[in-house]
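Protein chains in written order, with my numbering: chain G, 55 to 934; chain Y, 55 to 934.
Since the structure comes first, as structure tokens, the remarks are kept for the end.
Protein chains: 2
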Amino acid sequence: MPRRLVYNFGGKKAQGSAKMKNVLGGKGANLAEMSNLGVPIPPGFTISSELCLDYLKRKKYPKILKQDVEKGIVRVEKLTGKKFGDKKNPLLFSIRSGSRTSMPGMMDTILNLGLNDSTINGLIEKTGDHRFAYDCYRRFIQMYSDIVLQIPREKFETLIDKLKKKKNAKSDLDLSGNDWKEIVKQFKKLVMTETKKAFPGDPREQLWGAIGAVFNSWNNPRAKEYRRIYKIPDDWGTAINVQSMVFGNMGTNSATGVVFTRNPATGENKVYGEFLQNAQGEDVVAGIRTPRKMIELKKIQPAAYNKLIGLLNKLEKHYRDLQDVEFTIEQEKLWILQTRAGKRTALANIKIAVDMVTQKLIKKEAAVLRVTPAELDQILHPMIDPTIKYKSLAKGLPASPGAAVGEVVFSSEEAVRLAKKDGKAVILVRLETSADDIHGMEAAKGFLTARGGMTSHAAVVARGMGKPCIVGCSEININLTAKTFTVGNTMVRKGDIISVDGTEGKVILGKVKLIEPEMTKDVILLLKWADSFRRLGVRTNADRPGDSKIARDYGAEGIGLCRTEHMFFKPERVAAMREMIIARDEAGRRKAVAKLLPMQREDFIGIFKVMDGLPVIIRTLDPPLHEFLPKDDKSIRKLADNLNVPFDDLKSIVVSLHESNPMLGHRGCRLGVTYPEITEMQAQAIFEAACEVTKKGIKVIPEVMIPVVMEAGELANQRAIVDKIAKQTIKKYGVKLKYMIGTMIEIPRAALTADKVAKFADFFSYGTNDMTQTTLGFSRDDVAKFVPKYIEMGLLKDDPFKTIDIDGVGKLLEMGIKLGRKTKPKLEIGICGEHGGDPKSIHFCHKIGMDYVSCSPYRVPIARLSAAHAALEEKFKKKK
Amino acid sequence: MPRRLVYNFGGKKAQGSAKMKNVLGGKGANLAEMSNLGVPIPPGFTISSELCLDYLKRKKYPKILKQDVEKGIVRVEKLTGKKFGDKKNPLLFSIRSGSRTSMPGMMDTILNLGLNDSTINGLIEKTGDHRFAYDCYRRFIQMYSDIVLQIPREKFETLIDKLKKKKNAKSDLDLSGNDWKEIVKQFKKLVMTETKKAFPGDPREQLWGAIGAVFNSWNNPRAKEYRRIYKIPDDWGTAINVQSMVFGNMGTNSATGVVFTRNPATGENKVYGEFLQNAQGEDVVAGIRTPRKMIELKKIQPAAYNKLIGLLNKLEKHYRDLQDVEFTIEQEKLWILQTRAGKRTALANIKIAVDMVTQKLIKKEAAVLRVTPAELDQILHPMIDPTIKYKSLAKGLPASPGAAVGEVVFSSEEAVRLAKKDGKAVILVRLETSADDIHGMEAAKGFLTARGGMTSHAAVVARGMGKPCIVGCSEININLTAKTFTVGNTMVRKGDIISVDGTEGKVILGKVKLIEPEMTKDVILLLKWADSFRRLGVRTNADRPGDSKIARDYGAEGIGLCRTEHMFFKPERVAAMREMIIARDEAGRRKAVAKLLPMQREDFIGIFKVMDGLPVIIRTLDPPLHEFLPKDDKSIRKLADNLNVPFDDLKSIVVSLHESNPMLGHRGCRLGVTYPEITEMQAQAIFEAACEVTKKGIKVIPEVMIPVVMEAGELANQRAIVDKIAKQTIKKYGVKLKYMIGTMIEIPRAALTADKVAKFADFFSYGTNDMTQTTLGFSRDDVAKFVPKYIEMGLLKDDPFKTIDIDGVGKLLEMGIKLGRKTKPKLEIGICGEHGGDPKSIHFCHKIGMDYVSCSPYRVPIARLSAAHAALEEKFKKKK
């Protein structure tokens, strides 16, 4: 048996402390902690959890327990001036379970223990509320009968329903004090019928019954199931807290309220809360009476108010966080019922964290760790006002965060017309998007597609543009002819207003209020701190000078992925790109390529200027061809006219270029290997641009990246081409320029043979989108048909295109790093898949030793924060 | 310095032996070996390769060498009765390099060394051939000048050309003896001009010059390059063979010929060869005179003939293989110039191997190892008569071996009409094939497609049917409207005859002669022996009772893959399949599925009956949907009529089912997980069939295989469904039936997490087609655009859809086996991808510890042989 079975708390001291969770449970330890702090909490005692298993086995208590509990009761009586079982001033107890870790609602609680036909009079007298007292009494009988006497709750509810019918009462509120008194009578009769014994009137008998029942509740089925799921050991047992009840409804000198130590909406460092005079805590929640502002309490009860303010300061300093405090004033005496970390908005959380560092309450590390990436994400995008309630019309995959409101349009042409000419906000709704939609996407505020996954064209472009996007929303049925879409029986027409929430993946009919994002100085400061803690570098995936500028402003330390083909999504450029793709011989390709060269060079010059002094990884051409090919006869005819070739010829070329599985087709370096002139042109554009800006005194660090490599020989082949052009160009310009040539590791075989690939690579960058496609055998464009169902069924924990699949793809990433660094110990390794902006994935990247992550410009702050979290968590884990 | 520098051979004994390749080189060791055997070879001596490097460094010889060479010459003079430098009966030598391993053509050879203005007279006298002697002389001068004196060959050729012009001679044959004599004069003059010295007349000076030059040739650029490529150490050096020349043109008592110890075309155990009287070996090759049958030699020179026959027996017994022997009779004396393993046809090789076992010349193991899988493959398919010369019109991927001849047709309907009704042989030419083409493929003799890879629809079906097929033949341009295809300027019309060689991938215009296959009793015996050596089991991929029967007759030990969806390629069944695929809800699917159930059950009953007593792995549905969906409006309309639904509705469903990358789409167990009713129906069909045949006393061992698993949970889910139905059905029928449930490992993630997957699997079967697609990121249908180029460039060693990519896919296979057996040490593991029939891949499967391979019925014999090779090679490697 343990040294001590019963631990007193209250009266500004306690026999336990916050450190004794193993013995006192979480709740008991906190009550002890508050006592020791001198916080006036209703006194009581905790029965050690070490007793629980012993009791469950033997079904009896050590003899000494009775004496210790008796001593505890006497101590509480002294501290409260009330007496257990006294009919004038009765002491009532709450009996609560409390294990080491919170198991909300799993075990039992009994309130108002100590009430009987005699003590009820004291309660009536003290509160002056006859109805309240009988309501308390009947609730106690009901709870006790359920938990201790094992009489089903329904039997009691039936009696109440009968009386309500009789009295024509709609709700419990319509029943009077005498009605409840009648109910008490009926309840006691029911207990007699069910147990063949009277309901126990003796408070001590009640107490011991309750103690046994709470211990037993450790083994009730739902508690056992909970432990199984959350892997909580069965032998921990639960402690029991026996605490005196206090009442805020014992006259006008009583009150009850809830108060935050700071403003939970804004973070402002000012007490914020509400109270009700002569009322119970439940009344605040019920909303029958309007609560009053805290400042009014100062007028009514200045002493209690001042004491409360002092305590709030004390609690916040002690817990070093915003506290959400429940208090009750019982006949001028202030009691703190509970304190806990307060829920708050993302903005408030950041402000509080930063302020607390300034106030030296917490360290910078703690402030950084306290802000979650999701919170940061929230405040960086327009969001639906969280105070607004709305019903969503349909749900899809949350492909790009933020929210937008606008008129529905079904084509990019409409989007451009309405947005550019009429200045209207539009939401582009498509089956799926393609290169042809880029101008429409630029014009629209947000996108909604019926097909596609987290890395589909629409999703990738949207994240790049920082616009909200929902993809794979298979609930919507689009009718392009009628220009409508339907969800069940609801029809949405062109021009109707909808709102899209890309953070949640929700489509809402009509307009909802949005909150605009703000990069406050608190955020900027917090991220600066984060930067000082992280080990991972943070780069960005940006294809144009504009994107690059945004990313650099957001703190990107270089470009991790510049997708050269994305530069050609602009309508006037798509034509040249298509000409190159459909060219049937080298001469034709060289002609088309020559048109592309100056465009590319100009783009690179723009990007290099913006990224002055920072590395820029440029990926050579990697179009899954279908993204660029004209699809319908109309587009083919247009292209044929442009190129001055017969429609039939072009059509047959387009047909011959069709691929069954373009993701696994003739793309990436396979194009460069079979058509070296394409790689040559790109290398020329990159190095001419680099040399030109170098001449202007700008520092350029180009890193040329070869995509879709599955075999070291491919990289060797492409490397030789790029190297040759680079050397020629640098010599021609007569400048000094260092550059690197590396590869994307995105095909499983590249990771499996990374030791060989590394021989020809100055760096690796993981293309986890493609690697997820191939490792899981999922087409990013087709997963909407089953991935949501898989997540629902628990077959997948997360969307693997959002969060790295650690068991599968992660294993390949680790293998690739190990093999690559076996060949080149200092090989630079990063990630440029969409996962580079996902917090969980960033943690994993940190863990397996990558050098940097790269993500879309708008996710750079999130990546900076996540990288800091990963580093700090590792640091603190090591300390332990 | 080594103990001995010069090793004599000839005169029925030698100082070396076949084991001394390191010192004597390959050629020298063989000459020694033949000497020791008592074979009369022209005598000579070998200068040790151990001297080579020393000479190359110091450019001089140890003193002792001169004496040893002198002794060697004297010995040869004694044995031949000729004298080195003698003008009556001159001894001439050939000087040849010979390193440990054959380096054909890399180093230098000098013939007829010892000729000068005096010894030439002896040669003329002995041969009576003035022209021959001067031709020999001028050749010797030319060779010697090139190799020893470093005078470019061209300068000599120019002199010959000039004389030819002058004499109006078209070829060297038109020059007379005197002409060559004139040339010799001019050559010597040229040498004088070039070297300022006369051409060396002293035979000993000639010899030492030649020895030095041959040693030097070890370091000529082409020899160095050859060593670099084949990784031959530079410090091996070369030996030098100095061998006396013999002449078959020294009168009518001389002859020369080539003889095989058995018939190299048929394998018949009867000497087979040709000779020419009073002629040189070159004359046989030149084809000016018609060689005579060996039997005639018996009449002309019975003694030499009998001696030769005796020697042939001796050589064959010694080398235990068919020998290809060159001999010369110089004035009644028989000399063996060379013996080597004879080239032979596949059929002959098998017969010889089997016969030699019967004759106790070799062991069964050796016989099995001697027959290559490629040879076996050859004789199991119709093949183009190898004696025929033809020009191929186009080349594609060799997708299914064998050859066929027929009229070109461009549609399956035409194929059926012409073949079935008119009884014509047809070749089906398509862009690519689909489920719609099955009846056409059944009717045609062979297939040719412009698109697709080694595992495309056409390829897989063709191998299953055992018909020749060429896929991905991108050279052909099909015009369906005109019913023609063109290759460059050649146009082939419907009805034109073409031949297709699926073994080589060649398309031939017109008809070529074919040889029909034969499963001889030798083959059957050889394979029986092979079975006794192999450790790998051999199963088959068969989808119908007919295939299963063929495979069992070929020796399959079970079915490794029964593709249930293939059962529905028949036109009358495709409709039901389509109905299921396009059903939009569970009710619709259940209706369609109910139609499929009896068809499936009947198929399974048929297969189970054929495979009585052997295991049958049945894979649940795995259609990449696009293989079954109607593609054009015509087919959609037909289906709509069948199903009695409006065309527009069906069309929109088909559009919505379109997948961007069907290989990575909603297929395999993803269908079963999202639509469990499909798996339920299939399980029901399998177990009802199994129970029914069990009742009839047939032994059924069903193994249900779940495809496209990427996560253990998927398998757990499908396993539960199958298990439930199996138990229910077995109970209903009241039979005893053991079954297994396992999975295909074909997605990289399944291999990476095989330890988890194995928890729910009774067996693994590797689907290496899909795993190749995903691991390399190659779509089997789209690779024709770059894989041939990759192989040509050396970026890929083999087509990865034909031979397992060991570095990438192989690594995953090994990993999967290791992880899987970590969980279940006795887990049954096989392979059912197309690689299961590829010899190289089978070796790998053996090496990594698989239990069996499974391949198409027609490849079962090849797999049996390859598996035996793998086991035997492992055994012999271990012995070493």
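Every residue gets a Cβ at the ideal spot worked out from N, C-alpha and C, and that includes glycine.
Please report the straight-line C-alpha distance between residue 261/Y and residue 136/Y, rounded to a whole angstrom.
Approximately 16 Å between the Cα atoms of the pair.
Any beta-carbon of chain Y closer than 7 Å to the one on residue 718/G?
Chain Y, which has a Cβ nearer than 7 Å to the Cβ of residue 718/G, makes this yes.
In whole angstroms, give me the CA-to-CA distance for residue 637/G and residue 397/Y.
Going from the Cα of residue 637/G to the Cα of residue 397/Y covers about 48 Å.
Residues of chain Y with CB closer than 9 Å to the CB of residue 675/G, please, in chain order.
Going along chain Y, no residue has its Cβ under 9 Å from residue 675/G, so there is no contact; the nearest lies around 14 Å.
Go through its chain and collect everything with a Cβ distance to residue 415/Y's Cβ below 8 Å, but skip five positions before and after it.
Once the five neighbours on either side are set aside, the close Cβ partners of residue 415/Y are 370, 371 and 374.
Which complete alpha helix (DSSP H) runs does the stretch 158 to 205 of chain G hold, if anything under 4 residues is left out?
List check, alpha helix (DSSP H) in window: 173 to 181 and 184 to 201.
Mind listing the chain Y neighbours of residue 865/G? Cutoff is C-beta to C-beta under 7 Å, in chain order.
Here the neighbours are 806.
Per DSSP, residue 561/G forms a beta bridge with which residues?
For residue 561/G, which the question treats as bridged, DSSP gives the partners 448/G and 554/G.
Hey, quick one: how far does the alpha helix (DSSP H) through residue 780/Y stretch, first residue to last?
766 to 787 is the span of the alpha helix (DSSP H), which, as asked, contains residue 780/Y.
In terms of alpha-carbon separation, which member of 157/G, 386/G, 531/G and 331/G lies closest to residue 709/Y?
The candidate whose alpha carbon is nearest that of residue 709/Y is 531/G.
Who are the near neighbours of residue 725/G in its chain, counting only those whose CB is closer than 7 Å to its CB and skipping five residues on each side?
Answer for residue 725/G: 675 and 732, listed in chain order.
For chain G, check one thing: does any of its Cβ atoms lie closer than 7 Å to the Cβ of residue 802/Y?
At least one chain G Cβ lies under 7 Å of residue 802/Y.
By Cβ distance below 6 Å, which residues in the same chain neighbour residue 974/Y in space, the five residues on each side in sequence not counted?
Examination of residue 974/Y is not possible in this model, given that chain Y is present from 55 through 934 alone.
Look at the Cβ atom of residue 314/G, then the Cβ atom of residue 378/G, and state whether they are nearer than 7 Å.
Contact: yes.
Out of 562/G, 285/G, 412/G and 174/G, which one is the CA nearest neighbour of residue 234/G?
With distances taken between Cα atoms, residue 234/G lies closest to 174/G.
When DSSP builds the beta bridges, which residues end up paired with residue 757/Y?
Bridge partners of residue 757/Y: 671/Y and 794/Y.
To the nearest whole angstrom, what separates the beta carbons of residue 892/Y and residue 856/Y, a pair I think is in contact under 8 Å?
Confirmed, Cβ separation roughly 6 Å.
With a threshold of 8 Å, are at least 3 pairs of Cβ atoms found where one atom belongs to the stretch 65 to 80 of chain Y and the other to the stretch 270 to 289 of chain Y?
With the cut-off at 8 Å, the stretch 65 to 80 of chain Y and the stretch 270 to 289 of chain Y do not touch.
Indicate whether residue 59/Y and residue 119/Y have their beta-carbon atoms separated by less than 7 Å.
Yes, the pair counts as a contact, with Cβ atoms nearer than the cut-off.
Does chain G have any CB closer than 7 Å to the CB of residue 765/Y?
Answer yes: the Cβ-Cβ gap between residue 765/Y and chain G drops below 7 Å somewhere.
Using a Cβ cut-off of 9 Å, pull out every chain G residue sitting near residue 360/Y, in sequence order please.
Correct list: empty, because the minimum Cβ distance to chain G is about 59 Å.
Which residues, in chain order, does the stretch 763 to 788 of chain G contribute to contact with chain Y at a C-beta distance below 8 Å?
Correct list: 764, 765, 767, 768 and 771.
Taking only the alpha-carbon atoms, compute the straight-line gap between residue 717/Y and residue 720/G and give it to the nearest angstrom.
Rounded to the nearest angstrom, the two C-alpha atoms are 15 Å apart.
Pick helix, strand or coil for residue 533/Y, following the three-state DSSP scheme.
DSSP places residue 533/Y in strand when its eight states are reduced to three.
Do residue 583/Y and residue 747/Y have their C-beta atoms closer together than 7 Å?
Contact flag unset, no.
With distance defined between alpha-carbon atoms, name the residue in 334/Y, 278/Y, 546/Y and 597/Y nearest to residue 187/Y.
When only C-alpha atoms are compared, the closest one is 334/Y.
Just mark residue 810/Y as buried or exposed, buried being the case when its beta carbon has 16 or more other beta carbons within 10 Å.
The residue in question, residue 810/Y, is buried, as its Cβ has 16 or more Cβ neighbours within 10 Å.
Output the distance between the C-alpha atoms of residue 774/Y and residue 446/G, rounded to the nearest integer angstrom.
Straight-line Cα distance between these residues: approximately 36 Å.
To the nearest angstrom, how far is the alpha carbon of residue 180/G from that of residue 273/G?
In a straight line, the C-alpha of residue 180/G is about 38 Å away from that of residue 273/G.
Pick out whichever of 278/Y, 151/Y, 219/Y and 385/Y has its Cα sitting closest to the Cα of residue 39/Y.
Missing from the structure shown is residue 39/Y; chain Y here goes from 55 to 934 and no further.
Classify residue 212/G as helix, strand or coil using the three-state DSSP reduction.
In this structure, residue 212/G counts as helix in the three-state DSSP scheme.
Which partner residues does residue 389/G have in the DSSP bridge list?
According to DSSP, which records beta bridges pairwise, residue 389/G is partnered with 382/G.
With DSSP as the reference, label residue 886/G as helix, strand or coil.
If DSSP states are grouped into helix, strand and coil, residue 886/G belongs with coil.
May I ask you to report which of helix, strand or coil DSSP gives residue 142/Y?
Three-state DSSP puts residue 142/Y in coil, outside helix and strand.
Tell me whether residue 313/Y sits in a helix, a strand or coil according to DSSP, three-state version.
It is a strand residue.
Quick one: residues in its chain with C-beta nearer than 6 Å to the C-beta of residue 320/Y, no 5 flanking neighbours on either side, listed in chain order?
Correct list, in chain order: 402.
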